[in-house]
Amino acid sequence: MQIEIFKIIRSNRKTIALKIDNQSNLIIKAPSSVPLSYIQKIVQQKQNWIIAKKIEVQNRKKFTRNLSDGASITIFGKDYIIQYVDNLQFALHLKNQLLQVANDQSKYIKPLLKHLIIKMAKEFFSVHVAKWASIMGVKYNRISIKNTISRWGSCSSLGNLNFNWKLAFAPVEIIEYIVIHELSHLRYLNHSVDFWNEVRKYCPEYKKHKKWLRDNAQLLEL
Ligand SMILES: [Zn+2]
Numbered sequence: 004m005q006i007e008i009f010k011i012i013r014s015n016r017k018t019i020a021l022k023i024d025n026q027s028n029l030i031i032k033a034p035s036s037v038p039l040s041y042i043q044k045i046v047q048q049k050q051n052w053i054i055a056k057k058i059e060v061q062n063r064k065k066f067t068r069n070l071s072d073g074a075s076i077t078i079f080g081k082d083y084i085i086q087y088v089d090n091l092q093f094a095l096h097l098k099n100q101l102l103q104v105a106n107d108q109s110k111y112i113k114p115l116l117k118h119l120i121i122k123m124a125k126e127f128f129s130v131h132v133a134k135w136a137s138i139m140g141v142k143y144n145r146i147s148i149k150n151t152i153s154r155w156g157s158c159s160s161l162g163n164l165n166f167n168w169k170l171a172f173a174p175v176e177i178i179e180y181i182v183i184h185e186l187s188h189l190r191y192l193n194h195s196v197d198f199w200n201e202v203r204k205y206c207p208e209y210k211k212h213k214k215w216l217r218d219n220a221q222l223l224e225l
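When you line the sequence shown up against my numbering, it's residues 4 to 225, in that order.
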């Protein structure tokens, strides 16, 4: 089977790296001096991995959140069953394990849910950031909930922390990792070795969580 190489990025790096991008294209990073024939040989050898990755990326795109009656949805680690109700006082309402939606508002469920989650996120992150800041002995300024497309969190030099509301759909240990990551930036405003050592101190499995976020970002869509 012939595998198409979409792009080869040459640089003064020492090793060859293969990557499947979000469009399922094979991108290769290679040292300037390595001949194309050698790269092709590597691609042949890594065939199985490449095909498996491409399938994984293609399946990824298929995720659509089930918001139908009776579907379950996890928000900040709590499971709710979606229930459409007639004559509900609110458009959207959390009641014990139920996420109730007024039937006549059902077509607005996504914006309504987003609004509710942003409210819940303010509460969730203020509690968890305060907890971890005290454990880690750092001081932060303020917390904002953002709608950033590509970032899960950020930390400014003024100590302002931003978190993406879509983290609500991630497992709690992943959200905690992002909190620890951003709080570690209060000590190191970069991604240096010292920074990652700081993250590891409070989140020994951070590499696993990073990978989970890379592989499962599509699951955090509303
Ligand atoms: Zn960072």
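From the three backbone atoms N, C-alpha and C, an ideal C-beta is built for every residue, glycine too.
Short Cβ contact (8 Å threshold) for residue i with residue j
| i | j | result |
| --- | --- | --- |
| Leu192 | Trp155 | no |
| Ile146 | Phe127 | no |
| Leu186 | Ile178 | no |
| Asn106 | Tyr87 | yes |
| Ile19 | Ala33 | yes |
| Leu97 | Tyr111 | no |
| Trp168 | Ile148 | yes |
| Ile31 | Ile8 | yes |
| Ser40 | Arg13 | no |
| Arg16 | Glu224 | no |
| Gln48 | Ile6 | no |
| Met139 | Phe79 | no |
| Leu95 | Leu70 | no |
| Ala74 | Ile58 | no |
| Phe166 | Thr77 | no |
| Lys56 | Ile11 | no |
Any non-hydrogen atom of ligand 1 within 7 Å of residue i CB
| i | result |
| --- | --- |
| His212 | no |
Extent of the continuous beta strand (DSSP E) run through residue i
| i | result |
| --- | --- |
| Val88 | Lys81 to Val88 |
| Val132 | First-last for Val132: Ile112 to Met139, but that is the alpha helix (DSSP H), not the beta strand (DSSP E). |
| Arg13 | Lys10 to Ser14 |
| His96 | Leu95 to Lys98 |
| Leu189 | Here Leu189 belongs to no beta strand (DSSP E), and DSSP marks it neither H nor E. |
| Asn167 | Leu164 to Asn167 |
| Lys149 | Ile146 to Lys149 |
| Val104 | Leu101 to Ala105 |
Where residue i falls, given that 16 or more other Cβ within 10 Å makes a residue buried
| i | result |
| --- | --- |
| Glu201 | buried |
| Val130 | exposed |
| Gln103 | buried |
| Asn144 | exposed |
| Asn99 | exposed |
| Phe66 | exposed |
| Leu189 | buried |
| Ala133 | exposed |
| His184 | buried |
| His194 | exposed |
Chain D within 8 Å of residue i, Cβ atoms only
| i | result |
| --- | --- |
| Leu102 | Of the chains in the structure shown, none is chain D; there is only one protein chain. |
Residue range of the unbroken alpha helix (DSSP H) whose run includes residue i
| i | result |
| --- | --- |
| Leu216 | Tyr209 to Asn219 |
| Ala20 | First-last for Ala20: Ala20 to Ile23, but that is the beta strand (DSSP E), not the alpha helix (DSSP H). |
| Asn28 | Run containing Asn28: none; DSSP gives neither H nor E here. |
| Phe198 | Val196 to Tyr205 |
| Ala55 | Gln50 to Arg63 |
Practice task
Let me have the residue list for ligand 1: C-beta closer than 6 Å to any non-hydrogen atom, ordered along the chain.
Solution key: His184, His188 and His194
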